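Chains as they are written, first to last, in my numbering: chain A, 1 to 191; chain B, 1001 to 1343. Worksheet: the structure to be examined is printed underneath.
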Amino acid sequence: MADPAEADLLARARGGSLHAFEEIVRRYQRRVYAVALRIVRRHEVADDVAQEAFMRAHQALSTFDLGRPFGPWISRIAANLAVNHVRSPEAREDPLPEGHAETPAAGQGPLDLVLEAEARQALERALDLLPAEQRAVFALRTFEELSYREIAEALGISPGTVMSRLSRAREKLREALAPYLGLAPGRASGG
Amino acid sequence: MGPHVTDRLSAYLDGELPVSERDGVEVHLDGCADCARHLEELRAVDGVARRLPLGVPDGYFAAFPERVRARLARQRPRPRVGPAWLAAAAAAVVLAALAPRLWLDARRARIAPPAPAPAAQEVPATLIAEERDKIAAAPAPEARREVAQSRPGPRRAVEAPRATPAAPPAAAAPAAPAGGRSDAPTMAADETQALRYAEAPAEDAARPAQRNEAATNVAAAETKEQIARAERDLSSERLKGAVAGAAAGPDPRFEALLRRAASSADEARKLREAWRAYAREAREGARADEARVRAVEAGVEAWRRGGDAADRARAERDARSYLERPDARQAARVRAVLESLRP
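This is the structure we're talking about:
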């Protein structure tokens, strides 16, 4: 069920209020950006995708059911745009630079600082190497915590395909992370 | 114990395994250390992934909502402020602004330029000068470097031909070079100099190259003609691209990028990325196409200014990617760029 205050904002945005829609953007920008970034892996592209997701959502507001929660809906828009981008000619013109990896933050989990940083870098590299379709299901499951059915609806695929892609994605990521796991008691828990 | 269940652990972890299979997996896990460890490793993958930082630039989220709002505001339909033919004259305005040579060609061919559209008078003379200076300042094909290195005072010789774009006659016909006409007195001196420079090789070539200096002069003069011709061809293509983009309607961002010039390799790289970002956002149409081509050209300029092989490789890659596009409208122009990159 949608938050009443949010439904009011959406109604005003639908009526033409840019200020109301800007507030919606402020509420969901981090989530939308994160979904995009997890799939496209570059800030500039994630920025484009995030903007486009909000633009599309704004265009489709007239048909959006105000009783539905806005967050999952726009997350799906962002995920589809992100996957479409990775498949597009623009993505071929814009390959990930070699050695691409986000600068890891200071370790906050149970892993040692250095190992945590290295593990994150290894995972980032492995994510870069995943096919976009596998990355998309992994992002929607891990970060958006959507069910297989919801992921299937979001991406226009079957739940069985979601299951197999997710399994394959996780196996590749597990192999990349394996050297850093089990090096200290409790580290494998992952927090 | 039975066969390992690793292929079902991902779904089990998510609670998505069919009920009929869940019990069997759990029984197996109780008795298989390998599969139990495998499950924990999958859980760790999720845990580490959730702790991955986004690495967002400072201030990004503070500015993002306003950027979206501004983009929405730009997309709102603008009220028409004049007759419909004014909108159609927008392309002619750009043509006039970027093609002072058109006026000169028309004069030489004793063809009276068509009456200017009133909107053309709004074209700032600075835009004409900017485009001309940009062309003059841009590093030329390799021939220019050879000329610069072989003759004394190379900078002067190289920069002398302030070659201006010469659109083909077919494109000149509908043009309204009133902006050019209003600048005719200023342009004439430059145009005359360019003409003299371009005509010089004919005189030089008449003298036999007996001595090394004479041979060098002839080669240099021919090279200058090549430079001038290449600049006219390139500028003609760039002009056509700019006009095609402008004909799609006013876009301050596109026009601002057209005005931007790079005076260093780093600036050229930034311009390249700015054009790429524009193309990503516009996605399709004349402006997006022009943006992609200009991104390639800016990349080449970065290489020519900085000599960094990575810039050259990137420009080559971008050019080839463009040529693979089914919607590429200016393949010949990009092929010419690719050709110029050959050692």
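Just so you know, even glycine gets a beta-carbon here, dropped at the ideal spot from N, CA and C. Bear in mind the structure is a predicted one, so any value in this text is a computation, not a measurement.
Next on the checklist: If we define contact as Cβ-Cβ less than 8 Å, is Pro1057/B a contact residue for chain A?
Outcome noted: yes
Checklist entry - Between the C-alpha atoms of Gly67/A and Arg12/A, what's the straight-line distance to the nearest angstrom? => result 14 Å
Item to check | Residue span of the alpha helix (DSSP H) that contains Ala1279/B, given as start and end | outcome: 1265-1282
Item to check | Sub-8 Å separation of Asp1327/B and Asp1266/B beta-carbons | outcome: No, the pair does not count as a contact, with Cβ atoms beyond the cut-off.
Next on the checklist: Against chain B, does Leu181/A count as a neighbour if the rule is that its beta carbon must be under 8 Å from one of theirs?
Outcome noted: Using a Cβ-Cβ cut-off of 8 Å, Leu181/A counts as an interface residue toward chain B, since at least one Cβ of chain B sits closer than that to its own.
Item to check | Proximity below 8 Å, CB of Arg1294/B to CB of Trp1303/B | outcome: It is not a contact, given that the beta carbons lie outside the stated cut-off.
Checklist entry - Asp1007/B by DSSP, collapsed to three states: which one? => result In the three-state scheme derived from DSSP, where H, G and I count as helix and E and B as strand, Asp1007/B is classed as helix.
Checklist entry - Can you tell me whether Glu1297/B is buried or exposed, with buried defined as 16 or more other CB within 10 angstroms of its CB? => result buried
Checklist entry - What is the rounded straight-line gap between the Cα of Phe138/A and the Cα of Arg41/A? => result 13 Å
Checklist entry - Residues in its own chain within less than 7 Å of Arg1345/B by CB, not counting five upstream and five downstream? => result Because chain B in this structure spans residues 1001 to 1343, residue 1345/B falls outside the shown range and cannot be described.
Item to check | Integer-rounded CB distance, given that Pro1057/B should sit under 8 Å from Gln29/A | outcome: In fact, because the Cβ distance is near 14 Å, the residues do not count as touching under 8 Å.
Item to check | Element boundaries [alpha helix (DSSP H), containing Glu1041/B] | outcome: 1033-1050
Next on the checklist: Given this structure, state the Cα-to-Cα distance separating Ala119/A from Ala46/A, to the nearest angstrom.
Outcome noted: 23 Å
Checklist entry - Roughly how many angstroms separate the alpha carbons of Ile24/A and Ile74/A, rounded to a whole number? => result 11 Å
Checklist entry - Are Val83/A and Leu155/A close, meaning C-beta to C-beta below 8 Å? => result yes
Checklist entry - For Val1048/B, which option in Gly160/A, Thr142/A, Tyr148/A, Leu166/A has the closest C-alpha, if you only look at C-alpha atoms? => result Thr142/A
Item to check | Closest by C-alpha distance to Gly1285/B, when choosing among Asp1308/B, Arg1325/B, Ala1063/B | outcome: Arg1325/B
Item to check | Nearest residue (CA-CA) to Asp3/A, options Phe70/A, Ile39/A, Ala50/A | outcome: Phe70/A
Checklist entry - First and last residue of the alpha helix (DSSP H) that includes Glu150/A? => result 148-155
Next on the checklist: Measuring straight from C-alpha to C-alpha, what distance separates Phe21/A and Glu153/A?
Outcome noted: Each residue's alpha carbon lies about 25 Å from the other.
Checklist entry - Which stretch, first to last residue, makes up the alpha helix (DSSP H) that contains Glu1066/B? => result 1060-1075
Checklist entry - Straight-line CA distance for Ala1140/B to Arg1320/B? => result The predicted model places Ala1140/B with a pLDDT of 47, which falls under 50 and marks its position as unreliable; any figure quoted below should be read in that light. Looking at the two C-alpha atoms, the distance is approximately 21 Å.
Next on the checklist: Nearest by alpha-carbon distance to Phe64/A: which of Leu81/A, Leu9/A, Gln51/A is it?
Outcome noted: Leu9/A
Checklist entry - Is the distance from the Cβ of Leu1013/B to the Cβ of Arg1050/B below 8 Å? => result no
Checklist entry - Within the 8 Å Cβ cut-off, does Leu173/A reach chain B? => result yes
Checklist entry - From the beta carbon of Arg1333/B, is the nearest beta carbon of chain A less than 8 Å away? => result no
Next on the checklist: Could you check whether Val1068/B and Thr54/A sit closer than 8 Å to each other, using their CB atoms as the reference points?
Outcome noted: Thr is not the amino acid found at residue 54/A; the sequence shown has Phe there. Closer than 8 Å, so yes.
Next on the checklist: Our contact map puts Asp1007/B next to Ser167/A with C-beta atoms below 8 Å; I'd like the distance itself, whole angstroms only.
Outcome noted: 7 Å
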